[in-house]
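Residue numbers (my numbering): 60 to 205. Idealized CB from N, CA, C, for every residue including glycine.
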Amino acid sequence: HTNSTINALPIIESKLSLLPSKNEQQFGLGWVNVLVLIGMARRNTNLVDMNNCQDLYLPKRILRDNDRPPRITDLPETVNSALQLLLSITVDSYPELVDDWVEATCSYDARKDARVAISIVPVNKIVAAAFVVSAEAEILIYGCDD
Numbered sequence: 060h061t062n063s064t065i066n067a068l069p070i071i072e073s074k075l076s077l078l079p080s081k082n083e084q085q086f087g088l089g090w091v092n093v094l095v096l097i098g099m100a101r102r103n104t105n106l107v108d109m110n111n112c113q114d115l116y117l118p119k120r121i122l123r124d125n126d127r128p129p130r131i132t133d134l135p136e137t138v139n140s141a142l143q144l145l146l147s148i149t150v151d152s153y154p155e156l157v158d159d160w161v162e163a164t165c166s167y168d169a170r171k172d173a174r175v176a177i178s179i180v181p182v183n184k185i186v187a188a189a190f191v192v193s194a195e196a197e198i199l200i201y202g203c204d205d
């Protein structure tokens with residue numbers, strides 16, 4: 060799934076201009092990138108879990124150019140927080156983020172912490188960061204799985 064997403068990214072990037080706003084374009088690209096991170100953490104992607112995440116964190120409408128997370132008044136706080144985070148991932152910062160994430164998800168035990176981090180980062184960035192540090196410490200102490 061992760062490789063499919065990575066391979067589809069150039070196709071998606073070439074179609075971004077068809078989306079109705081810059082925010083929606085950035086959201087679309089950011090969402091594809093987050094799917095790669097979710098895949099690396101091997102998060103359970105069953106229907107119930109994904110529906111819950113969509114309800115909590117994804118907007119239920121097309122984003123407009125005048126939308127400014129975390130202050131979009133017609134969207135819940137959790138969606139605003141997730142959008143603010145998602146829209147902050149730039150094309151320039153993404154490769155470094157992926158490199159760090161590859162390291163933080165290279166063992167079973169580290170991936171457990173990474174899954175928690177990716178699940179709570181829209182709600183509590185500090186606690187999520189602690190789980191990422193825990194995943195990285197796990198790798199430093201025990202190494203990656205073979």
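What do you get for residue i, buried or exposed, if any count of 16 or more other CB atoms within 10 angstroms of its CB means buried?
i: Arg170; result: buried
i: Glu136; result: exposed
i: Gly202; result: exposed
i: Val138; result: buried
i: Ser76; result: exposed
i: Ser208; result: Since the first residue shown for the chain is 60 and the last is 205, residue 208 is missing from the structure and cannot be characterised.
So, for residue i: in the same chain, excluding its five sequence neighbours on each side, which residues have a beta-carbon less than 6 Å away from its beta-carbon?
i: Ala194; result: Ala163, Ala169, Asp172, Ala173
i: Phe190; result: Asp172, Val175, Ala176
Can you find the residues in the same chain that come closer than 7 Å, C-beta to C-beta, to residue i, ignoring five residues on each side of it along the sequence?
i: Val93; result: Leu145
i: Leu68; result: Val91
i: Ile65; result: Val95
Below 8 Å CB to CB, which residues in the same chain sit around residue i once its five sequence neighbours on both sides are set aside?
i: Asp204; result: Cys165, Ser166, Tyr167
| If you scan the stretch 140-175 from start to end, which runs of the alpha helix (DSSP H) of 4 or more residues do you find wholly inside it? | Listed in chain order, they are 153-163.
| query | Any contact of the stretch 123-139 with the stretch 77-94, i.e. 3+ C-beta pairs under 8 Å? | reply | Yes, the stretch 123-139 is in contact with the stretch 77-94.
| query | For the stretch 177-188 against the stretch 94-102, are there 3 or more C-beta pairs whose distance is under 8 Å? | reply | yes
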